[in-house]
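Participant: The sequence shown begins at 3 in the numbering used here and counts up one residue at a time.
Before I ask anything, let me first share the structure, which is written out below as structure tokens.
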Amino acid sequence: MNISDTKKLTAITAAFFITVTAFSGCSESANSSQTTSSVSQAAKSDIDASIAAEDIDVGYDEESSVGITFSDGSATISGEGATAEGETVTISQAGTYILSGTATNGRIIVLADKTAEIKLIFNGVDITCADNAPLLVSKAKKVYIVLEDGTENVLTDSASYSLGEDDSNTDGAIFSKADLTINGSGTLTVNANYKHGIVSKDDLVITDGNINVTSASTAMEGKDSVKISGGTFNISAGTNGIKSTNAEASDKGFISVTGGSFTVVANNDAFEAETVLSIEGGSFDITTGGGSANASMKSDGTPNRNWQNNMGNGGGGPNGMGRPDDNGNGTGGEPPAMPTADNTDTTDSTSTSAKALKAGSEVNISGGEFKIDSADDSVHSNGNIVVTGGNISAASGDNGMHANGNLTISDGTVDITKSYEGIEGSIVTIDGGTISVVASDDGINCAGGSDTGSTDRMGADQFSAQEGVELNINGGTVTIDADGDGLDSNGNFTMAGGTVYVCGPTNGGNGALDYNGTATVTGGTLIACGAVGMEEGFGDNSTQYSVLHDLGSTVSANEKLTITDSDGKEILSFTPTKTWQSVVFTSADLKKGETYTITAGSQSETVTIDGIVTSNSKGMSFGRGHGGGRGF
């Protein structure tokens, strides 16, 4: 059917809005904090994430279009620009082609001039191909797939391809050597039994549609980039969900998402960008590697190899993934047979990575709603992570967020409900937002090096201060529940603002605060509770008063802690959910010479502020002292 001029104008206006929003979004993120600006703009300045008007426009002239109808083992063509041989249709000219009908063993091949732009209108087409890609774009400038409103469209391949020299690299049910755009409000279902679902060797752009992909390997791939502004996606992937792979240039290999609804179940990574992964909006329900119950990291910090052995090739669904029991045995059903040697994609299948959001240089999140359950890191970057908005809820079998470089949060909500280590990076800076972390080891860990999956994770077990390693809290609200160290920096720790609550370790081998350099507080509010033995407080290079105090005996879990002044006014309060005995607290309300009462359960003790740091602690921590942070 024809699309009215009004609809076309609306589409063009929307495209202009998306383009402007993409660039204004970068500026807005950059202004959120100095740290965010220097990191985010450096990585994003090279990429062009804008979406053109024609990528959104679903209009076409039906009268001038070529009709292609599949039926009874043949294809009928009305118009010029395409030829048919049985159920195989070859399109050789620029133009618009309307496809409908059913092919039980057919193909669509686009073999046109390299300057040709071709629009394929999927108007209720169902194509199965026994030995190759149902849709192959061999040569064109750009191809558009328009999903006609209200239609169901299905492309299905088989578990093996018969390939010649000219198409030897074809490995997707939809395989394009040119730029590929998908739009329209209809439904596209891709059953990729060979390897990948939808592949573009250039740019893959999706602006609308109901897209369902079940794939033996990667569900969707754009080598140069993947740009998504809308649509509803249901993905079940044998390896990766959505990826971009070009590592040859800094302005390629990126994924940009500004909208859409995503349900992704992947055996390996859900979103993987070779360079930048940028998410500005959308809703995401992501499960990788069988979820956090199938943890890639054991509680002692060593890799859990059993999670890998329990993965099938069914995209992690009920019959495709066996979650391990206490002995590491799968319990979630028998996995289907793995691909044979002929169709095993070694690039994907040898990977043990099962991360939800992953990038080579930067993960940048400025919006979106995320529900993540990942066997491996929930958010991971080999470079930096920048969060300036969005709502993230993540359960991880390893780290909640891990950056080999710097990790900055300036706004949004980050709720890590389960992790080995919650937030990890060389320099972690929190300027704002609401952050909560539950970790079986450290809540926030700052250290040099990479996430190696060994006991030497990010420089663990090193007691000298590392250069270029910092934890900086300047704003926001942070709540930590950690069985290891609550806040841990292998370098320095600086607090200038914000509100921090730490429910720290119950064993004396870790501390609510732990640092190898100095700890300085100049502003903000903190209460950190933990065990006696390795406790640390702030240093005397601080400008705001703080207290490190060990009570006479252990306090039971869920007993409210209150700190009141000499007039009985409550200054601070916190209810730790675990037993504790040592507390560090600081507030702008603390005054020198004032006596404060610490009450927890049946215990009540007083402390008088006699210096920038007041402490009665006898904690040792292997004899390390930090400028007044400990009382010896």
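C-beta: ideal position from N, C-alpha, C; glycine also.
Quantities reported herein were computed from a predicted structural model and do not represent experimental measurements.
My understanding is that LEU473 touches CYS448, with C-beta atoms under 8 Å, so please give their C-beta distance in whole angstroms.
Facilitator: Right, the Cβ-Cβ distance comes to about 5 Å (below 8 Å), so this counts as a contact.
Participant: The beta strand (DSSP E) that contains GLY427, what's its start and end?
Facilitator: Note, GLY427: beta strand (DSSP E), 423 to 427.
Participant: To which residues does DSSP link PHE540 through a beta bridge?
Facilitator: Paired residues: none, contrary to the question.
Participant: Scan the stretch 504 to 570 and note each continuous alpha helix (DSSP H) run of 4 residues or more that stays entirely inside, going in chain order.
Facilitator: Entirely contained in the stretch 504 to 570, not one alpha helix (DSSP H) run reaches 4 residues.
Participant: When the Cα atoms are used, what is the spatial distance from GLY81 to SER94?
Facilitator: So the two alpha carbons sit approximately 12 Å from each other.
Participant: Once the 5 residues before and after SER606 are set aside, which same chain residues still bring their CB inside 8 Å of it?
Facilitator: Only THR599, ILE600 meet the Cβ criterion.
Participant: Using three-state DSSP, classify ASP287 as helix, strand or coil.
Facilitator: Residue state, collapsed to three classes: strand.
Participant: Any chance the stretch 73 to 90 sits against the stretch 44 to 63, with 3 or more Cβ pairs inside 8 Å?
Facilitator: No: the two stretches stay apart, fewer than three of their Cβ pairs being nearer than 8 Å.
Participant: The ligand MG and ASP542: does any heavy atom of the ligand fall closer than 7 Å to the residue's C-beta?
Facilitator: Judged by which ligands are present, the structure shown has none, so any question about the ligand MG falls away.
Participant: Compute the Euclidean distance between the alpha carbons of ILE429 and ALA530, then round it to the nearest angstrom.
Facilitator: About 21 Å.
Participant: Return helix, strand or coil for ASP483, following the three-state DSSP convention.
Facilitator: In the structure shown, ASP483 sits in a strand (DSSP, three-state: E or B).
Participant: Going by CA-CA distance only, name the one from VAL534, ASP516, ASP226, VAL416 that's closest to ASP443.
Facilitator: Among VAL534, ASP516, ASP226, VAL416, the Cα nearest to that of ASP443 is on ASP516.
Participant: Tell me the rounded alpha-carbon separation between LYS594 and GLY385.
Facilitator: So the alpha carbons of these two residues sit roughly 43 Å apart.
Participant: Identify the residues that DSSP records as bridge partners of SER398: which are they?
Facilitator: Paired residues: SER376.
Participant: Can you give me the C-alpha to C-alpha distance between ALA396 and ASN492, rounded to a whole angstrom?
Facilitator: Approximately 25 Å, taken between the alpha carbons.
Participant: With DSSP collapsed to three states, give me the class of ILE614.
Facilitator: Correct three-state label for ILE614: coil.
Participant: If you draw a straight line from the C-alpha of VAL590 to the C-alpha of SER380, how long is it?
Facilitator: Looking at the sequence itself, residue 590 is Ala, so the reference to Val does not match. Approximately 35 Å between the Cα atoms of the pair.
Participant: Using DSSP with H/G/I as helix, E/B as strand and the rest coil, what is ASN296?
Facilitator: Note: ASN296 maps to helix in three-state DSSP.
Participant: Skipping 5 residues on each side, what residues in its chain have a beta carbon closer than 6 Å to that of ASN193?
Facilitator: These residues qualify, in order along the chain: THR158, THR216.
Participant: Roughly how many whole angstroms lie between the Cα atoms of TYR163 and ALA221?
Facilitator: The straight-line gap from Cα to Cα measures roughly 17 Å.
Participant: Look up ALA55 in the DSSP assignment and say whether it is helix, strand or coil.
Facilitator: Note: ALA55 maps to helix in three-state DSSP.
Participant: Whether or not the stretch 275 to 286 and the stretch 245 to 258 are in contact is what I'm after, with contact meaning three or more pairs of Cβ atoms, one per stretch, closer than 8 Å; do they touch?
Facilitator: They touch, by the three-pair rule.
Participant: Give a yes or no on whether the C-beta atoms belonging to THR265 and ASN242 are separated by under 8 Å.
Facilitator: Not in contact: THR265 and ASN242 (Cβ atoms no closer than 8 Å).
Participant: So does the stretch 532 to 542 actually touch the stretch 559 to 570, counting three or more Cβ pairs closer than 8 Å?
Facilitator: Short answer: they don't touch.
Participant: Cα-Cα, which of SER140, ILE111, LEU101 is closest to GLY125?
Facilitator: For the sequence presented, residue 125 should be read as Asn rather than Gly. Of the candidates SER140, ILE111, LEU101, the one whose C-alpha sits nearest the C-alpha of ASN125 is LEU101.
Participant: Whose CA, out of ALA218, ASP433, ASN195, lies closest to the CA of VAL496?
Facilitator: Correcting the residue type first, residue 496 is Thr in the shown sequence and not Val. Taking only the C-alpha atoms, the option nearest THR496 is ASP433.
Participant: If I follow the unbroken beta strand (DSSP E) through VAL112, where does it start and stop?
Facilitator: Per DSSP, VAL112 belongs to the beta strand (DSSP E) from 109 to 113.
Participant: Is it buried or exposed for SER26, if we count other Cβ within 10 angstroms and need 16 for buried?
Facilitator: With a pLDDT of 36 at SER26, under the threshold of 50, the modelled position of that residue is not reliable, and no figure is offered here.
Participant: What are the residues that DSSP puts in a beta bridge with GLU472?
Facilitator: GLU472 pairs with ILE429, ASN494.
Participant: Between HIS404 and the rest of its own chain, which residues show a CB-CB distance below 6 Å, the 5 nearest in sequence each way excluded?
Facilitator: The residues are ASP379, HIS382, GLU426, ASP453.
Participant: Look at the alpha carbon of THR581 and the alpha carbon of THR556, and state the distance between them as a whole number of angstroms.
Facilitator: Between THR581 and THR556, the C-alpha separation is close to 7 Å.
Participant: Taking the beta carbon of ASN134 as the centre, do at least 16 other beta carbons fall within 10 Å, making it buried, or is it exposed?
Facilitator: So ASN134 counts as buried.
Participant: Note down, one range per segment and in chain order, each alpha helix (DSSP H) of at least 4 residues found wholly within the stretch 180 to 205.
Facilitator: The qualifying runs do not exist here; there are none.
Participant: Taking DSSP's pairing of strands, which residues face GLY407 in a bridge?
Facilitator: BP columns for GLY407 are empty, so no partner.
Participant: Quick one: is ASP168 buried, meaning 16 or more other Cβ sit within 10 Å of its Cβ, or exposed?
Facilitator: Burial call: exposed.
Participant: Rounded to whole angstroms, what is the Cα-Cα separation between THR98 and ILE120?
Facilitator: Rounded to whole angstroms, THR98 to ILE120 spans 6 Å at the Cα level.
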